[in-house]
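I have placed the structure first, in the form of structure tokens, so that the comments after it can refer back to it.
Number of protein chains: 2
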Amino acid sequence: MKDITRTLARYACAARFDDLPSAVRGEGVRALVNYVGCAAGGAHEDDVDLMVRFLGEFDGGAQATLVGRSERLDILNAAFINSMSSAALAFNDTHFITVAHPTSPVAAALLALAERRPMTGRDLLHALVLGVELQCRAGMILTVPPAVSAVGLSMQGMVGSIGAAVAAAKVLQLDETGMTTAIGLAANQSAGLREAQSTMASHYTPGHAARCGLAAALLAARGFECSGSMLEGAKGFAVSFAQQPNLAAAIDGLGERFEISTLAYKPYPAGVVIHPIIDACLEIVREQPLDAGQIERVELRLNPLAAKLTNVVDPKDRGQALVSFQHWTVSTLLYGAAGIAQVANTIVRERTVAELRRKVSFVNDESVSREAAHVRVVLKDGSVRVASVSHCRGSVERPLTDADITTKTEDQLRMVFAPERARAIVAQSWRIETLTDLGPFCRALAQENEHRSAGA
Amino acid sequence: MKDITRTLARYACAARFDDLPSAVRGEGVRALVNYVGCAAGGAHEDDVDLMVRFLGEFDGGAQATLVGRSERLDILNAAFINSMSSAALAFNDTHFITVAHPTSPVAAALLALAERRPMTGRDLLHALVLGVELQCRAGMILTVPPAVSAVGLSMQGMVGSIGAAVAAAKVLQLDETGMTTAIGLAANQSAGLREAQSTMASHYTPGHAARCGLAAALLAARGFECSGSMLEGAKGFAVSFAQQPNLAAAIDGLGERFEISTLAYKPYPAGVVIHPIIDACLEIVREQPLDAGQIERVELRLNPLAAKLTNVVDPKDRGQALVSFQHWTVSTLLYGAAGIAQVANTIVRERTVAELRRKVSFVNDESVSREAAHVRVVLKDGSVRVASVSHCRGSVERPLTDADITTKTEDQLRMVFAPERARAIVAQSWRIETLTDLGPFCRALAQENEHRSAGA
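Keeping their order, the protein sequence lines are chains A and X. Under this note's numbering, residues 1 to 456 are what the first sequence spells out, in order. Under this note's numbering, residues 1001 to 1456 are what the second sequence spells out, in order.
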């Protein structure tokens, strides 16, 4: 299949905002709102603090806002931090077909650029939709059957840089060759391994993708050159990262179907494959709570991907617990909720919780979809409670409502901003399409030093 | 196979310079001398100019020298440029088993660090040897049979960051955990596709590797965390980038055999797999020159890798011609030499040369080694000239002498420095082991503005 990179580039260059279906624009706004909350919510994680200090040593000057923080960094470094922080609580959006988290690197690159050159809300929205679209389509080359890619390749690392590059190249108004080069330079920096999961390094990956992608677009704008066939070439992205890559998946229905319409927003800060388990556990304890002493064992029937990605029986800290299906099973059953509070280190390290995690068994079942799970809790008194979920909350079939996203986003913004300010930021984010200059919007996402103690 | 990453890290931390065989130290010096010339020779290529200007926009200050240039950049950006420039003429060293070019990112990271903290010549040499060693061994996981990796994965991109990280972590005196983290963070940034070959982007790859690797070590020093099993883990480097990865190859004979002893230094600025063809062509015209009008056709019998990597019948410019076996075959036969002059754009675009390139045919022959080639020139008068090379110049069996390396290095240094200065730099590079502070050595590699016109 020829000219895939150029076909995608030509589409992105020619696309006009007014041609987007209004539902697609609406999804762009939802993605942005959700992103803003996630970036603020993760802004003061230890690893983000560390990266801000580190990048500050190698920084070209206070060019752009860091969401939820008081420092400013150059636009490449700001893109890094604003993508990293939005992934730090694993609360960002998901494209299920690829298991990528596409909005983080795209929105982070765009917000950084918006403080360097004039950009309207419509510019940002359109570039965001396109960056998500081409990123997801690049990922589908590697993941839509018959394609098979190694489970170790982090999909957000593989394609996040491509998304950031496309979005930045669109607002920079690059021509077809420039856009092709931006995609190519981004693919040349695709990187990230799932072995890093649940360590600081797993949050480095989306930050790095945003920085590399934004650099790719800026370099293309300055005349840096790359092969025009980086995705489909004989030594390119597709054959390097997949067996039987599916090049057709990258262009089927381009401009007609929009991948942003299939994004899922997480109701829980857990690995997405764990969400149906959480929903089932919530159902089991909704009417009648359980305490640790009552539970004999828990049996799960799951899509095989769940255990492949999140089988962590003995997490040491919150980072590991976020992607432990055993931890979420137990904490949800015991606390009747699945928020940031239920993965606090104190709960992760509690002896009762640790012991119960070892009593969670699972069976892989290919007939169970990735959005489904069956949970069976056997109690010490011999009774059994069961729940099955076919489509988890936040999945395409059961999307979060706009009100759900507002609630989730405000909750996270309140981790760094006073409540009225959090409300104002959410309201402005929903109105992004009406803003004629994003500069003030971006600067309003900064945290003034003196407000920290009030919010934290 | 368990604990590969940690085993490598433990070795690198415990290693002492005085325990290195003197031949290994000597190879370290040869690698450094060769590197210095390559970095100067490529310092004013168009793509390097462009990257210096670009990185200058996002730079933390004049911390380190750029070899052969007058600008100074922060150490991450300097590491990028000094690795990129040393690869820009494809004249850097080669580790044949992996087809990586290990010294570039390692030496570039070390020279940058040497201006930030005190470093002796012995410190640099030892770290260089270790960075080359562990980088090559990581690459061997992917390339030593039964391992098979996709031909599109750039090996210098896959492992260069690991080499730079190990070397920097050694001079930073990180402990075993820090070294393990540095290797892991570097592997998490392994990136680069051979589809970019012969474009500017292919020189971006080694620059990026140096920057990412140095950042990995600095981050590990500051407490950033990563999985301890990034190379061997179930979702790690080995299984992500190879079928049947050879983990044993990473640790077999560790501390006894040294991969730096197997490095090849290029006598010609061509893709290494082309070198035996060049040697054979030189032999054919040594006694009796040929001119274009005499040649009917040229038939090559080659190891299959040669055509797999360098089959470029119609290169558009020097960048593409550097990795075109057809171009080197023709230009060597016509000009009786194979230097930078024989890939000048004027020669690449000459009609006679272009026509003759189309008359070069090849046969793949698995029985021909990668260091061998058979060349048969059929002349219009019906006569035939043949030459066979079993080990090309610059291969392990036929290494360049120290004098060859001096000549090659001085030639390149003279592209930017006055002759007496070039000679002085080469002489000091050979004496690197005796230097107690590398700061002045590094600063002496800078080009004063006013000298450019004299040298260029």
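Backbone N, C-alpha and C define an ideal beta-carbon position, used for all residues, glycine too. For clarity, every value in this text was computed on a predicted model and none was experimentally measured.
**Request:** Work out the CA separation of residue 248 of chain A and residue 1056 of chain X for me, nearest whole Å.
**Result:** 40 Å
**Message:** Which residues in chain X have a C-beta closer than 8 Å to the C-beta of residue 76 of chain A? List them in chain order.
**Reply:** 1058
**Request:** Report the residues of the region 1150-1184 of chain X with a CB closer than 7 Å to any CB of chain A, ordered along the chain.
**Result:** 1150, 1151, 1152, 1153, 1184
**Prompt:** In three-state DSSP terms, what is residue 64 of chain A?
**Reply:** strand
**Request:** From the DSSP output, in three-state form, read off residue 244 of chain A for me.
**Result:** coil
**Message:** Against chain X, does residue 457 of chain A count as a neighbour if the rule is that its beta carbon must be under 8 Å from one of theirs?
**Reply:** The structure shown does not extend to residue 457 of chain A, since chain A is modelled only from 1 to 456, so the question has no answer here.
**Asked** Residue range of the alpha helix (DSSP H) that residue 388 of chain A falls in?
**Response** From DSSP, residue 388 of chain A is part of no alpha helix (DSSP H) but of the beta strand (DSSP E) over 384-389.
**Request:** Could you check if residue 1027 of chain X is buried or exposed, using at least 16 other CB atoms within 10 Å of its CB as the buried criterion?
**Result:** buried
**Request:** Please report how far the alpha carbon of residue 1003 of chain X lies from the alpha carbon of residue 1258 of chain X, in whole angstroms.
**Result:** 20 Å
**Asked** Out of curiosity, what's the CA-to-CA distance linking residue 396 of chain A and residue 279 of chain A?
**Response** 15 Å
**Asked** Can you name, in chain order, every residue of its own chain whose Cβ lies under 6 Å from the Cβ of residue 456 of chain A, other than the five neighbours on each side?
**Response** Any answer about residue 456 of chain A is weak, because its pLDDT of 33 lies below 50 and its placement is not dependable; what the coordinates show is given next. Cβ neighbours of residue 456 of chain A beyond the five flanking positions: none.
**Request:** Measure how close the beta-carbons of residue 1512 of chain X and residue 1234 of chain X come, nearest whole angstrom, since I'm counting them as under 8 Å.
**Result:** It is not possible to answer for residue 1512 of chain X, since the shown part of chain X is limited to 1001 through 1456.
**residue 192 of chain A versus residue 186 of chain A - alpha carbon distance** = 13 Å
**Asked** Considering only C-alpha positions, which residue in the set A:87, A:308, A:160, A:153 is nearest to residue 131 of chain A?
**Response** A:160
**Message:** Using a 10 Å radius around the Cβ and a threshold of 16 neighbouring Cβ atoms, would you call residue 386 of chain A buried or exposed?
**Reply:** exposed
**Request:** For residue 82 of chain A, count neighbouring Cβ atoms within 10 angstroms of its own Cβ and tell me buried if that reaches 16, exposed if not.
**Result:** buried
**Item:** Inter-stretch contact at 8 Å, needing at least 3 Cβ pairs: the region 1357-1375 of chain X / the region 1288-1302 of chain X
**Value:** yes
**Asked** Among X:1118, X:1164, X:1089, X:1129, which residue has its Cα nearest to the Cα of residue 1016 of chain X?
**Response** X:1129
**Prompt:** What are the start and end residues of each continuous alpha helix (DSSP H) run of 4 or more residues lying completely inside the region 67-120 of chain A, in chain order?
**Reply:** 75-87, 103-114
**Request:** Check the DSSP bridge columns for residue 1364 of chain X and list the partner residues they point to.
**Result:** X:1302
**Prompt:** For the region 1383-1401 of chain X, which residues have a CB atom closer than 9 Å to at least one CB atom of chain A, in sequence order?
**Reply:** none
**Item:** Residues bridged to residue 374 of chain A (per DSSP)
**Value:** A:301, A:388
**Prompt:** Which residue or residues does DSSP assign as beta-bridge partners of residue 148 of chain A?
**Reply:** A:243
**Asked** Can you tell me the Cα-Cα spacing of residue 1077 of chain X and residue 1309 of chain X, whole angstroms?
**Response** 30 Å
**Item:** residue 408 of chain A at chain X interface by Cβ criterion, 8 Å
**Value:** no
**Asked** Are the region 345-365 of chain A and the region 311-320 of chain A touching, with three or more C-beta to C-beta distances below 8 Å?
**Response** yes
**Request:** Could you pull out every unbroken alpha helix (DSSP H) segment of at least 4 residues lying fully inside the region 1278-1353 of chain X, listed in chain order?
**Result:** 1304-1310, 1318-1321, 1325-1335, 1345-1348
**Message:** Can you look up residue 1234 of chain X in the DSSP assignment and give me helix, strand or coil?
**Reply:** coil
**Prompt:** According to the Cβ coordinates, are residue 1051 of chain X and residue 1207 of chain X closer than 8 Å?
**Reply:** yes
**Message:** For the alpha helix (DSSP H) containing residue 425 of chain A, name the first residue and the last one.
**Reply:** 419-430
**Message:** Along the chain, where does the alpha helix (DSSP H) containing residue 1047 of chain X start, and where does it finish?
**Reply:** 1046-1056
**Request:** Starting from residue 1240 of chain X, find everything on chain A with Cβ-Cβ shorter than 7 Å and list it in chain order.
**Result:** 150, 152, 153, 193
**Asked** With burial defined as no fewer than 16 other Cβ atoms inside 10 Å of the residue's Cβ, what is the status of residue 368 of chain A: buried or exposed?
**Response** buried
**Prompt:** According to DSSP, is residue 174 of chain A helix, strand or coil?
**Reply:** coil
**Prompt:** Does the Cβ of residue 189 of chain A have 16 or more other Cβ atoms within 10 Å, making it buried, or fewer, making it exposed?
**Reply:** buried
**Asked** What does residue 225 of chain A reach in chain X if we use C-beta pairs closer than 8 Å?
**Response** 1047, 1199, 1200, 1201
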